[in-house]
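Quick note: the sequence shown uses my numbering, first residue 153, plus one each step. For each residue, glycine too, the CB sits at the ideal point set by N, CA and C. What follows is a set of notes on a single structure, which appears directly below.
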Amino acid sequence: PRTQGSQQPVADYVLHRPRKEEQPLLDEAIAKSIDIIPMLCDGKFDAATMRLHTAKG
153 PRTQGSQQPV ADYVLHRPRK EEQPLLDEAI AKSIDIIPML CDGKFDAATM
203 RLHTAKG
C-alpha cells in the first residue's frame with residue numbers, strides 16, 4: 153500500500169512484465185481458463201473449478 157512509505161509508484165510495483173521463466177506458467181493458466189469457458193456458460197461451475205485446479209497427469 154502507498155502508506156508503507158514506498159517511493160515506487162503502485163503501477164510500477166504491480167504491473168510489470170513477467171520474467172521469462174514465469175511466462176510459460178502464465179500461458180498455461182490462460183489456456184486452462186479459456187478451456188473452461190464453455191463449462192461456465194453451461195452453468196457447470198463445480199466441473200469447471202475441478203478442471204481448472206486439477207493438474208494434468
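Next item on the list: Along the alpha helix (DSSP H) that carries PRO176, what are the first and last residues, could you check?
Entry: Against the sequence shown, residue 176 aligns to sequence position 24. Its alpha helix (DSSP H) spans residues 175-187.
Check: Hey, out of LEU167, HIS205, PRO170, whose CA is closest to ILE188's CA?
Finding: On the sequence shown, position 36 is the one that residue 188 refers to. The residue with the shortest Cα to Cα distance from ILE188 is HIS205.
Next item on the list: Could you check what DSSP says for HIS168 in three-state terms: helix, strand or coil?
Entry: On the sequence shown, position 16 is the one that residue 168 refers to. DSSP, reduced to helix, strand and coil, places HIS168 outside both helices and strands of the structure shown, so it counts as coil.
Next item on the list: In angstroms with no decimal places, state the Cα-to-Cα distance between PRO170 and GLY195.
Entry: Here residue 170 refers to the residue found at position 18 when the sequence shown is read from its first residue. Here residue 195 refers to the residue found at position 43 when the sequence shown is read from its first residue. When rounded, the distance between both Cα atoms is 33 Å.
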